[in-house]
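Chains as they are written, first to last, in the numbering used here: chain U, 1 to 191; chain X, 1001 to 1191. Data block below; observations after.
2 protein chains.
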Amino acid sequence: MVRAGLTVARLTQAGAELADEVGFEQVTVSAVARRFDVKVASLYSHLKNSHDLKTRIALLALEELADRGATALAGRAGKDALTAFADVYRDYAHEHPGRYTAARFRLDPEAAAASAGARHAQMMRAILRGYDLTEPDQTHAVRLLGSVFHGYVSLEAAGAFSHSAPDTEESWSRIVDALDALLRNWPAPAL
Amino acid sequence: MVRAGLTVARLTQAGAELADEVGFEQVTVSAVARRFDVKVASLYSHLKNSHDLKTRIALLALEELADRGATALAGRAGKDALTAFADVYRDYAHEHPGRYTAARFRLDPEAAAASAGARHAQMMRAILRGYDLTEPDQTHAVRLLGSVFHGYVSLEAAGAFSHSAPDTEESWSRIVDALDALLRNWPAPAL
DNA sequence: TGCGCACACCTAAGATCTTTAGGCAAATAC
DNA sequence: GTATTTGCCTAAAGATCTTAGGTGTGCGCA
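Written as structure tokens, this is what we have:
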């Protein structure tokens, strides 16, 4: 019989495609096996288990997202950088909804440490260099940016904004504008 | 044999408790049946299917959250209202992680329409009455608030902030302060 | 108080997914 | 060209979901 040429990388890739097509929740070891026209058990020489597959897809998505972020940030600063980076998140989520969901998959500590998570945080800090924030405030701002990007994209994907005007495109750009304004006038700690 | 006294409400409640104990992902029709010491098939006279159960838990969580929000908002305005409402979200997520996850379960349109989603939006609009925003900007601001609350709480729950100082408590209050400042100085549309 | 009916819960069974154990054949190594 | 590695397979057990059809309980009503 002809071998299918399974590798962890190809399985992960296929899982990511599957996620975009049918949703990350529906990604199963069986479904991936079907896609390679191979018996389910065969995947277990490459993957530890189902959770392992999902973790790998999550790590792939985080890498891709970080790569796009890095590209977007190159040669940009200030509001320009902020906008470009924000759009990377939203565009990625639109193009790859399943992968984006995967990127928010709860990773166990070891996986998290090996993930591109740190790169994401560093890029946000790089953006903030264009604004005038003291060190502790920078951390707060990083968390705010992460929250807004992640929150907006999630809610939009969940359809939370889909039943009200105006369109989400406009809200997005107005919100990014607002964040820029906020970062330029970050308030001092309350008394 | 003694009847267990199954009702949709009790099943939903049990599912919600289970979600908080072992995570929303682990909530299964079988697990709920086990909790009532009843055969799995028995639940299918009360529930349409597994998805139905999850939807009901999600609706329950959204109601509870809206109730708490309404209580918090009573007699408050401005920043006071904003802070109280924000804390409702975060506290609920801490107290009931499984339910909070459930609240973000993707609802089909009919379920969404019957959900407390509209109450949430209305409460946010009520908060914004304490700030001076024109109508379209109010919508953008509602979306921003939703994004930040949801995003922050999700990322915190996912452990995204757990490996860096300062503590998440402080970031949270500084971020709410920042939102207040932003709402008081909402920028005009970019040219 | 007793009768009948509705329905609450059950048994049975098929389908899908996960995971492990052990086997055969194809690729690779010498 | 043989030997070894290893990729993929068969087999099997356990879990979940879901449907179909059966039985006894408890309530409404006479």
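Cβ coordinates follow ideal geometry from the N, Cα and C atoms, glycine included. Computed from a predicted model, the values in this text were never measured in an experiment.
By the beta-carbon neighbour count (other beta carbons within 10 angstroms, threshold 16), ALA1190 of chain X is exposed. Following the DSSP letters along the chain, one finds ALA1074 of chain X in no alpha helix (DSSP H), marked with neither H nor E. Exclusion of the five residues before and after ALA1016 of chain X leaves ILE1057, LEU1060, ALA1061, HIS1096, GLY1098, ARG1099 and ALA1102 as the residues of its chain whose Cβ lies within less than 8 angstroms of its Cβ. When U:VAL22, U:GLY23, U:ASP20 and U:ASN49 are compared, the shortest CA-CA separation from VAL29 of chain U is found for U:ASN49. Judged by DSSP secondary structure, ARG1129 of chain X falls outside any alpha helix (DSSP H); it is assigned neither H nor E. Contact between ALA93 of chain U and ALA157 of chain U holds, with the beta-carbon distance rounding to 6 angstroms and staying under 8 angstroms.
A residue is called buried when at least 16 other Cβ atoms come within 10 angstroms of its Cβ; ALA72 of chain U meets this threshold and is buried. Contact annotation: in the region 17 to 29 of chain U, no residue has its CB less than 8 angstroms from a CB in chain X.
Of U:PHE24, U:GLY23, U:GLN122 and U:ALA33, the smallest CA-CA separation from ALA4 of chain U is found for U:ALA33. Annotation: the continuous alpha helix (DSSP H) that includes HIS140 of chain U extends over 135 to 157.
In this structure, DSSP gives LEU107 of chain U a state outside helix and strand, which the three-state scheme calls coil. Among the residues of chain U, those whose CB is under 7 angstroms from the CB of ARG1106 of chain X are ALA158, following chain order. Listed in chain order, the non-local C-beta contacts of PHE1105 of chain X below 8 angstroms within the same chain comprise PHE1024, LYS1054, THR1055, ILE1057 and ALA1058, local neighbours out to five positions each way being set aside. ALA1188 of chain X is classed as exposed because its beta carbon has fewer than 16 other beta carbons within 10 Å across all chains shown. In its chain, beyond the 5 residues on either side, VAL142 have a beta carbon closer than 7 angstroms to the beta carbon of ALA121 of chain U. Of all residues in the region 1135 to 1157 of chain X, only PRO1136, ASP1137, THR1139, HIS1140, ALA1141, VAL1142, ARG1143, LEU1144, GLY1146, SER1147, VAL1148, PHE1149, HIS1150, GLY1151, TYR1152, VAL1153, SER1154, LEU1155, GLU1156 and ALA1157 come within less than 9 angstroms of chain U when Cβ atoms are compared, listed by chain position. For ASP1080 of chain X, the three-state secondary structure derived from DSSP is helix. Spanning the alpha carbons of ARG125 of chain U and ASN1185 of chain X requires a straight line of approximately 24 angstroms. Identification of chain X residues near ASN185 of chain U by a Cβ-Cβ cut-off of 9 angstroms yields ALA1181, LEU1182 and ASN1185, ordered along the chain.
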